[in-house]
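Participant: Protein chains in written order, with our numbering: chain A, 2 to 298; chain B, 303 to 713; chain C, 303 to 713; chain D, 189 to 691. Got a structure for you, written out below as C-alpha cells; questions coming shortly.
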Ligand SMILES: Nc1ncnc2c1ncn2[C@@H]1O[C@H](COP(=O)(O)OP(=O)(O)OP(=O)(O)O)[C@@H](O)[C@H]1O
Ligand SMILES: Nc1ncnc2c1ncn2[C@@H]1O[C@H](COP(=O)(O)OP(=O)(O)OP(=O)(O)O)[C@@H](O)[C@H]1O
Ligand SMILES: [Mg+2]
Ligand SMILES: [Mg+2]
C-alpha cells in the first residue's frame, strides 16, 4: 500500500455510523482528542453515516478513491460493510473495525467491548441484588435496545445467560425501546401498571433506564425499584449513578483512541497485521462507590 | 360521489367518535382497570398531547388541500434549541439562531399592530407607517431588555415558551411563502424543509447532532451546576387538586389549541377562507381572498404549534435532540385523516383530529398493556389507518350494497 | 397559468439535464480526478442504481397523480425475505409468505395468458376459462417442481430474482386495488402499507427484526457452512472487459427499467392511459379506460421494482434487514420531482427521473468527497429539492420580471 | 317519418341519493332525425342523456335500441351500442394532444398495444378539418381555448361514427360561425341516417336544426312537438310552465358621468403573445355595455385583466370615477367596486364543497361580521334576502351548492357579487347554459341594477342578446377593439364583420 510519505503524514479516514447516540459522540470526542496528540503526522477524516449502511459503504469507497493510508470504521451492523471492507483491504488499505465485529474476517484488527460479557456482568449484579446465586428471587423487567441490532441481542443474551439460571427470578418485558429515553419511559409507564411489584428494571442503555426511572417516579415507585443501565458515559449514566437514580451502570468503553494508536503502529510498521485479530476492551461495573473516578477521567 | 354524500358526511362527522368509543371499550375489555384507572388515562393523554399539537396545525394545512411534511423536523429543531436555551450559558448556535428571528418577529408584529391602530384613527398612510415602525421598535427593544440578560443566565420557562414557538412560526411561514408565491406543491416545499430543518437541528446541537440533556435540581442532578428552572418541569407535570392528579399540563396546551383552532375555523373569516381555499383555490382568489396570506399564516401556525410541541417534549423527556420528532409528521397526518379530514381539502374539523389523536394514543397504549410486540403494532397501525378511512368514506357500506345488488340481479 | 406553458415545458424538459451538467462540472472543479476517475463514477452509478428502481416505479405512480409512500418498506421487506430465502434452509416465515403468493401469481398469470390465447382462437367463453385454469395449473405445477426443492437447499439467484419481485408486485397491487376500488387517497393507503410492510418485515426477520447476513465463500465468510450462491454476488459486481471494470450490474437493471418504462409510456396505450388518468381521471373513465386496472398495475409495478431493489440491496450490502429501505420513498419522490415530473400528475418523463436520481447521487458523492458533514448535506439537500422545482416552474424568472416591472413603474 | 323508432327510452326514473330527478320519462326517436331536448335548468336533460350514455347505472326503466333491450354497465357498453355523447362540461385531458384526446381509449393499435401514431394523427386531422378546426392535432389541449376545446369534444364524438349522437349544449361555447359549421356537420350526419339528440337553450338554433322537440320540466316529460309547427311562445310556456309577454328587457338609464375608463390595456403571455392589445374604452354610469367577438377574441382576457384575475403582466390604466385603481389583484379591484362573474361556473365561480349560503357570502364576509366574528344569524338573513330577490329555488341554504342546477347556481353567483355592492359588474357569458326563464329574470335584474346606477359590462356570444339589452356594443377582434356601436346603429351584420379576423 503506497503511503503519502512524501508529505510524511498519514491520512486516516473514519466512518462513524451515527452520532445520534451520546455514546458515539463521546467516542468521536475521545478519538479526535487522540488525533490532536498526533497532529504533526496524522490527518483524521471523520464522516457521519447518519445511521445508514449505504452511507458507510459510500464513505469507505470515497476513502479508497482518495487513497487514504488507513481506515477506521464503526459499522452499523455485522454484515453491511463486509464487502467494501474486503475491497479496501484488497486495495492494500489496512482497515480497523471498531465496536461491532463484522462477518468478513480479513480486516486488520477488530477492537471493541463484548456486549455479551457486559450483559452477563449486568446479570450477575442483578442476581446479587436479588439475593445472590442460588437463592435469588424477584421480578426483573427488561427494556431492550433496537432489537434489530446485534448489541441489543447480545446484551439481552448475556443477561439471560446468567439470570435464567435462577429459578426464583422472573424476567418480564423485553419490548423494543430503540435505545431512546422517551420510548423507554413510555414502555415503563405502561409496564409499571401491569406489574406493580417489579424489583429491578434492566435497560440496554442508560437513557432508557433513566426514562424508566422517570416513569417510576411519577408512580412514586422510584425508591422500591432498582435501575440498571449500560454505557456509563461521564455526563449521563455516571451522573445518574452519582445522583442515586441508577443503582449501577456498566461501562461500555469507546474503542476510538486504541483504534487510532494501532492504526499508527501499523503504518509505522511497528505492528504486523494478522488478519481477523480481535482486541477486546474491558467493561466495568459503575456504582455509587466508584463512580467518581469514571466522571473525572 | 355526491350520490352518497349525506351518508358520507354523517360517517365523517360521527365515524371518528364511534371509532374512539369502540377502541375504548376494547381497552376496557382487554385490560379492565389497568386501562381505565386515572393514572393510565392521564398517561395516554399526557403522551398524545405533545404529538397532538402538530396534528392540530396539520389540520389547518390539510384543510387548505396542503400537506406539511416538516412538522416532525420542526419538533426536533425546537427541542434542540429549547434544551440549549435552558441549559447553555452565553451565546450558542441556538441563541444566535433563535434570538434574531425572535426580535425581528416581535418588531414586525408590533409594527402591524400599531400601524393598524393608527389606520383606525384614519391617519395618512405615510403616518401609519412611521408610527408603525416606531411602535415596532419600542416593543422589540423592551423585549430585548427582558430577554437579553437571560443569554448569560440561561433562559426561563416563559421565554422559551415564546422564543421557540416564534422560531417555528418563522420557518412555517417560510414554507407558506414559498408555497404561495412559488406556486409549488406543498409536498415538495415541506419535504425540502423537512430535510433542511433536521440538518439545522443537528448543526445547532453541534458535534453532528448530540443530545442535550436537561437537568433539574429537584431530580437531584446537575451538569456542572447548570440546571433548568424548576418551573420548566411543571410543563410535564400533572395538575392536582387535593393531592389527586387531575390533568396533565401538556393536555391543557392540547385542549386550548383545539378550542382556539375550532373557534378560528368556525367563527372567524379566516376559518371560512381556509375552507374556501381548500374547496376551490381559484374561486377563493377571484372572491378577493388573499390566498397567499392565508396559506402563509396556516403553515406558520403549523410550524409554531410543532415548535411548541418541541418545548413540551423537552420537559417531558428532559432532553432535546435532533431526532426527537422523527416520523411525527406521519403520525400527525394519520391522526388528521382518521379524524375525518379529507386530504383533498375543504372538508374536516379540528375536533375530528383531536379524536383521531386519541384513537392512535389509546391504540398504542392498549397494545403496550397487552405487551404486543412492536412489529405487530406496526402492522395493526397500518391496517387501522386504511380501515378507518374506508369506513368513513362508507366504502364497506358501498361494497356491501353492490354485493347485495349483485345477488339480487343473479336471481 | 397555461399562459407560460411553452417556457415551462422547455424548463421541465431541459432543466434536469442542465442541473446534471452543472453539478457534474462542480464535481470536477471541486475534486478533479478523484471525482472523474472511473472507479468513483462506477461507485456513484452502482449506488444510485439500487435506489433508482423505486424511483422509476414512483414515476409511473406520480404520473397518475398518485403517490407511493410504501416503496421504502417494500425494499426492506424484500431484502429480509431475499436474505432468508438465500441463507435459511427448510420452511421459514419468509418461505411461507413468499412461496404461496408466488405460486398463486404464477397461476393467475398462466391463466390469463392461456385464456387470452384461447380467446384469440375465438373459442367459447366457458371454454377459454377452462383452458385458462388448466394452463395456469400446468405452469404453476411446473414452477413448483422447479422451486420446491430449493426450500431445503436454499434458493438460487434466479429464483429470488423472480420470487421476491413477485411478492412486491402482489403488495403493490394490493395498494392499487384498495386505492382504485376504495377511492381513497393513495397517500393514506400507502402510508398504511408503509407501516404494515415494515412490521411484516420485522416479524418475518424474527427476534423483533434481526438482521440476516448473507455469506459468500469468496468473501471468506461462512455461517455454519451455509452460504449464498456465488452467482448472487455477481448482482453487485461490475462487468469488466479486458480486466477493465466498465459497468455495474445493478446499473444494467436501472438502465433496463428506464428503457422499458420509457417505451411503455411513449409507445403503448397503457402509457397514454397513465398520462390521461393523471391529467383528468374523470375524462379517462368516461372515455372507457379501465382506470382501476391501470392504477392497480401501476402500483404493482412500483412494488415490484422496489422488491427488485431489495434483492440488489441484499447483494450489495450482503444482508437483509427490516430498515434497509427506510426513508427511500422520500429520496425516490425527490428524484422524480427533481426530474421534472409534476406531483399533480399527467406531466413528466422517466428519463427525467433517471437524471434526477443521478443529480442526487452525484450531490451526495461530491459532498462526501468534500468531507461535508451530514447535517450540512441535509440542509443542502432540502434547499436543492425546492430550488430545482422553483427553477423548473420558472418561478425565479417570474419573480425577476415582476421585480423589474415594479422598478419600471416606480419611474 | 313514423317508421319503427331507433331509440326508445321507457318509464325512466332516476334519483340522486333519494332526490328524485326523473319521473317516468319516455323518450323516443328514429334514425336520421334531429331531436331537440329542451327544458329549464335542472329539468333533467343531462341526467337523462347520461343514463343513455351509460354514465349513470342505477336507474329504473328500460332502453330499447331497434327494439332490442339494453342496460349499459359503463360508457364503453354504450359506445359499442353505437351511442356517443358530447358532455355539457368539457371532458378533455389538458396534457394530451388533440389527436390523443379524440381517440382516447380507442387508439388505433399497431401490434402488442403499441399506438399507431401516424394513423391516429391522420384520422384526427380528417375530422378536425371537417370542423374547420385548424390547429396541429399534436398540440396539447391546454393551449386551446374553450371554444376550440369544445370543437375537439365534437370531433371526439364524431370519430365514433355513432348511430345515436348526443350533444349536450354543444353550442354554448361556440360563436355563431362555429355553430354554423356544427350544423353543417349535423346535416351531413342526418344524411348518413344518424340520429342526433341536440340539447340547447337557444330557441333560434333549435328551430334551425331540429325536426322535433322533446320538452322536460322538473324531471317530467311535458310533450313532444314538431319543430315545423310549434310556436316559440308555446315552447317557452311548456318549459317554464307560464307565459310571458316580452322576453328581452332593457330599461337601463345611462347617466352622463363616466364610471369606468380603460386606457391602452395590454397583456401578453410569457411567450410574448398578445392576449389583448391597447384596449381603450369608456363606460358611463348605469350603462349596459356589451362586448362581442368571436371565440378567442380576448373578451375573457379583457375582463380578467380589468379585474386583476391572474398573474400575467398587464400594462395600461384603469380608472373608476376618474380615479386610477390598482388592478393587481381581485382583493384590490373588489374594494374599488368591481365584480366579475366568470365564464366557468364550476371551475372558478363556485366552491363545490360549500353550502349555497357559504358560496353566496364568500366575497363579502365583512357584511356578516359582528364583533370580528361571523354571525350565523346575519348570514341567514342576508342570504335569505337575496334568495328571495333573485327567486333562487333552493330547499335548504345549507345544501351543498352542487345539488343546484346550472341556472340556480348562476343566480347564486349573481347574489354573491351583489352582496359586495359593486359599482361595476363584469359578466362573462352570464346566460350560458341557462334556461329562458332564468335568462329573463337575469335581464330584468340587470336593468334594475343599471337603474340603480350600477354599470353593467356583459360579454356574450349570443348577438341577439347583446343587440337587445345593451346601450352600446364593443366588438373585439384578436385582442383589439375593432368597433364600438350605439344601440341604434348596431346590427348582426355590422358586428360580425367587425369581429371577423382580417384575412
Ligand atoms: N351528480 C349529481 N348529484 C346530485 N344531484 C344531481 C347530480 N347531477 C344532477 N343533479 C340534479 O339533478 C337535476 C337535473 O340535473 P340536470 O343536469 O340533468 O339538469 P339539466 O336539465 O341538464 O340542467 P342544465 O340545463 O342546467 O344542464 C338537478 O336538480 C340537479 O341538481
Ligand atoms: N391560457 C391561455 N394561454 C395562452 N393563450 C391564451 C390562454 N387563454 C386565452 N388565450 C389567448 O387569449 C386570447 C383570448 O382568449 P379568451 O378566452 O379571452 O377569448 P374569449 O373571447 O374570451 O373567448 P371565450 O368565448 O372563450 O371567452 C386568444 O387569442 C387565446 O389564444
Ligand atoms: Mg345539463
Ligand atoms: Mg371568454
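Even glycine gets a Cβ: it sits at the ideal position worked out from N, Cα and C.
Can you give me the start and stop residues for the beta strand (DSSP E) that residue 527 of chain D sits inside?
Facilitator: Residue 527 of chain D sits at position 339 when you count from the first residue of the fourth chain. 526-529 is the extent of the beta strand (DSSP E) around residue 527 of chain D.
Participant: Does DSSP classify residue 644 of chain B as helix, strand or coil?
Facilitator: On the second chain, position 342 is the one that residue 644 of chain B refers to. Of the three classes helix, strand and coil, the one that applies to residue 644 of chain B here is coil, per DSSP.
Participant: Look at residue 531 of chain D and residue 620 of chain D and say whether their C-beta atoms are less than 9 Å apart.
Facilitator: As a first step, residue 531 of chain D is located in the fourth chain; it is residue number 343 there, counting from the start. As a first step, residue 620 of chain D is located in the fourth chain; it is residue number 432 there, counting from the start. Contact flag set, yes.
Participant: Roughly how many whole angstroms lie between the Cα atoms of residue 604 of chain B and residue 500 of chain C?
Facilitator: Position 302 of the second chain, counting from 1, holds the residue named residue 604 of chain B. Position 198 of the third chain, counting from 1, holds the residue named residue 500 of chain C. Rounded to the nearest angstrom, the two C-alpha atoms are 28 Å apart.
Participant: Does the beta-carbon of residue 594 of chain D, which I'm using as the reference point, lie nearer than 8 Å to any heavy atom of ligand 3?
Facilitator: Here residue 594 of chain D corresponds to residue number 406 of the fourth chain, with the count starting at 1. Answer for residue 594 of chain D: yes, Cβ within range of ligand 3.
Participant: According to DSSP, what are the bridge partners of residue 114 of chain A?
Facilitator: Locating residue 114 of chain A in the first chain gives position 113, where the first residue counts as 1. The partner list for residue 114 of chain A (beta bridge, DSSP) reads A:282.
Participant: DSSP three-state call for residue 174 of chain A: helix, strand or coil?
Facilitator: Stepping through the first chain from its first residue, residue 174 of chain A is reached at position 173. In this structure, residue 174 of chain A counts as strand in the three-state DSSP scheme.
Participant: Between the stretch 240-251 of chain A and the stretch 65-78 of chain A, do three or more beta carbon pairs fall short of 8 Å?
Facilitator: With a cut-off of 8 Å, the stretch 65-78 of chain A and the stretch 240-251 of chain A do not count as touching, because too few Cβ pairs lie within range.
Participant: Residues in the same chain with beta-carbon distance under 7 Å from residue 531 of chain C, minus the five sequence neighbours each way, listed in chain order, please.
Facilitator: Within the third chain, residue 531 of chain C is the residue found at index 229, counting from 1. If we look at residue 531 of chain C and ignore the five residues flanking it on each side, its Cβ neighbours are 458 and 459.
Participant: Return the CA-CA distance between residue 351 of chain C and residue 635 of chain B, expressed in angstroms with no decimal places.
Facilitator: Here residue 351 of chain C corresponds to residue number 49 of the third chain, with the count starting at 1. Here residue 635 of chain B corresponds to residue number 333 of the second chain, with the count starting at 1. C-alpha separation (whole angstroms): 31 Å.
Participant: I'd like the list of long-range same chain contacts for residue 686 of chain D, defined as Cβ closer than 6 Å, with 5 residues on each side in sequence excluded.
Facilitator: Locating residue 686 of chain D in the fourth chain gives position 498, counting from the first residue. Around residue 686 of chain D: 663, 670 and 671.
Participant: I need the straight-line Cα distance from residue 536 of chain D to residue 571 of chain D, nearest angstrom please.
Facilitator: Here residue 536 of chain D refers to the residue found at position 348 of the fourth chain. Here residue 571 of chain D refers to the residue found at position 383 of the fourth chain. C-alpha separation (whole angstroms): 21 Å.
Participant: List, in order along the chain, the chain B residues whose C-beta lies closer than 8 Å to that of residue 542 of chain D?
Facilitator: Reading the fourth chain from its first residue, position 354 is the one you call residue 542 of chain D. Simply 577, 578, 581 and 648.
Participant: Using a Cβ-Cβ cutoff of 8 Å, what residues of the stretch 272-288 of chain D are near chain C? List them in chain order.
Facilitator: Result list: 275, 279, 280, 281, 282, 283, 284 and 288.
Participant: If you measure beta-carbon to beta-carbon, which residues of the stretch 284-317 of chain D are closer than 7 Å to chain C?
Facilitator: The residues in question are 284, 288, 292, 293, 295, 297, 301, 302 and 303.
Participant: Check whether the Cβ of residue 245 of chain D lies closer than 8 Å to any heavy atom of ligand 1, and answer yes or no.
Facilitator: Position 57 of the fourth chain, counted from the start, is the residue given in the question as residue 245 of chain D. Incorrect: residue 245 of chain D has no Cβ contact closer than 8 Å to ligand 1.
Participant: Which residues in chain A sit within 8 Å of residue 673 of chain C, going by Cβ to Cβ distance?
Facilitator: The residue labelled residue 673 of chain C in the question sits at position 371 within the third chain. The contacting residues are 46 and 48.
Participant: Would you say residue 559 of chain B touches ligand 5, meaning its beta carbon is less than 8 Å from a heavy atom?
Facilitator: For the structure depicted, ligand 5 is absent and the ligand set comprises only ligand 1, ligand 2, ligand 3 and ligand 4.
Participant: With a cut-off of 8 Å on the beta carbons, I'd call residue 455 of chain C and residue 279 of chain D a contact; round off their distance for me.
Facilitator: Working through the third chain from its first residue, we reach residue 455 of chain C at position 153. Working through the fourth chain from its first residue, we reach residue 279 of chain D at position 91. Their Cβ separation, rounded to whole angstroms, is 58 Å, which puts residue 455 of chain C and residue 279 of chain D out of contact at 8 Å.
Participant: Do residue 287 of chain D and residue 309 of chain D have their beta-carbon atoms positioned less than 9 Å apart in this structure?
Facilitator: Position 121 of the fourth chain, counted from the first residue, corresponds to residue 309 of chain D. Position 99 of the fourth chain, counted from the first residue, corresponds to residue 287 of chain D. Yes, they are a contact pair.
Participant: Looking at residue 454 of chain D: is its Cβ nearer than 9 Å to the Cβ of residue 466 of chain D?
Facilitator: Walking along the fourth chain from the start, residue 454 of chain D turns up at place 266. Walking along the fourth chain from the start, residue 466 of chain D turns up at place 278. Yes, Cβ-Cβ distance for residue 454 of chain D and residue 466 of chain D is below 9 Å.
Participant: Residue 306 of chain C CB to nearest chain B CB: under 9 Å?
Facilitator: Reading the third chain from its first residue, position 4 is the one you call residue 306 of chain C. Caution is warranted here: a pLDDT of 43 is assigned to residue 306 of chain C, below 50, making its placement in the model unreliable, and no coordinate value can be reported.
Participant: Beta carbon of residue 224 of chain D: closer than 8 Å to some heavy atom of ligand 1?
Facilitator: What you label residue 224 of chain D is simply residue 36 of the fourth chain in a count that begins at 1. Flag unset: Cβ of residue 224 of chain D not near ligand 1.
Participant: Are the C-beta of residue 467 of chain D and some C-beta of chain C separated by less than 9 Å?
Facilitator: Residue 467 of chain D sits at position 279 when you count from the first residue of the fourth chain. Not an interface residue.
Participant: Which residues, in order along the stretch 236-249 of chain A, keep a beta-carbon less than 9 Å from a beta-carbon of chain B?
Facilitator: Hits within the stretch, in order: 236, 237, 240, 241, 243, 244, 245 and 246.
Participant: Are residue 376 of chain D and residue 361 of chain D close, meaning C-beta to C-beta below 9 Å?
Facilitator: Residue mapping note: residue 376 of chain D aligns to position 188 of the fourth chain, counting from 1. Residue mapping note: residue 361 of chain D aligns to position 173 of the fourth chain, counting from 1. Taking 9 Å as the Cβ cut-off, residue 376 of chain D and residue 361 of chain D do not qualify as a contacting pair.
Participant: Between the stretch 320-337 of chain B and the stretch 200-211 of chain A, can you find at least three pairs of beta-carbon atoms closer than 8 Å?
Facilitator: Short answer: they don't touch.
Participant: Start and end of the beta strand (DSSP E) containing residue 466 of chain D?
Facilitator: Along the fourth chain, read from residue 1 onward, the residue named residue 466 of chain D stands at position 278. Residues 462-472.
Participant: Using a Cβ-Cβ distance under 9 Å, would residue 21 of chain A count as near chain B?
Facilitator: Here the question's residue 21 of chain A lines up with position 20 in the first chain. Yes, residue 21 of chain A counts as interfacial toward chain B.
Participant: Taking beta-carbon pairs under 7 Å, can you tell me which members of the stretch 176-209 of chain A lie near chain B?
Facilitator: Residues 176, 177, 182, 183, 186, 187, 188, 190, 191, 194 and 195.
Participant: Can you grab the Cα-Cα spacing for the pair residue 294 of chain D / residue 442 of chain C, in whole Å?
Facilitator: As a first step, residue 294 of chain D must be located in the fourth chain, where it is residue number 106. As a first step, residue 442 of chain C must be located in the third chain, where it is residue number 140. Spanning the two alpha carbons is a distance of roughly 34 Å.
Participant: Helix, strand or coil: how does DSSP classify residue 303 of chain B here?
Facilitator: Indexing the second chain from 1 puts residue 303 of chain B at position 1. Per-residue confidence for residue 303 of chain B stands at a pLDDT of 37, beneath the threshold of 50, marking its modelled position as unreliable; the derived number appears in the next sentence. Coil at residue 303 of chain B, not helix or strand.
Participant: Out of B:689, B:675, B:340 and B:703, state which residue places its alpha-carbon closest to the alpha-carbon of residue 510 of chain C.
Facilitator: Your numbering for residue 510 of chain C matches position 208 in the third chain. Of the listed residues, the one whose Cα sits closest to residue 510 of chain C is B:675.
Participant: Can you round the beta-carbon distance between residue 289 of chain C and residue 436 of chain C to whole angstroms, since I take them to be within the 8 Å contact cut?
Facilitator: Not covered by the structure: residue 289 of chain C. The range shown for chain C is 303 to 713.
Participant: Just the chain C side, please: which residues come within less than 8 Å of residue 262 of chain D by C-beta, in chain order?
Facilitator: As a position in the fourth chain, residue 262 of chain D is number 74, starting the count at 1. Per Cβ cutoff of 8 Å: 590.
Participant: What is the C-beta distance between residue 673 of chain C and residue 46 of chain A, in whole angstroms, given that I count them as a contact (C-beta under 8 Å)?
Facilitator: Against the third chain, residue 673 of chain C aligns to sequence position 371. Against the first chain, residue 46 of chain A aligns to sequence position 45. About 6 Å separates the two Cβ atoms, so the contact holds.
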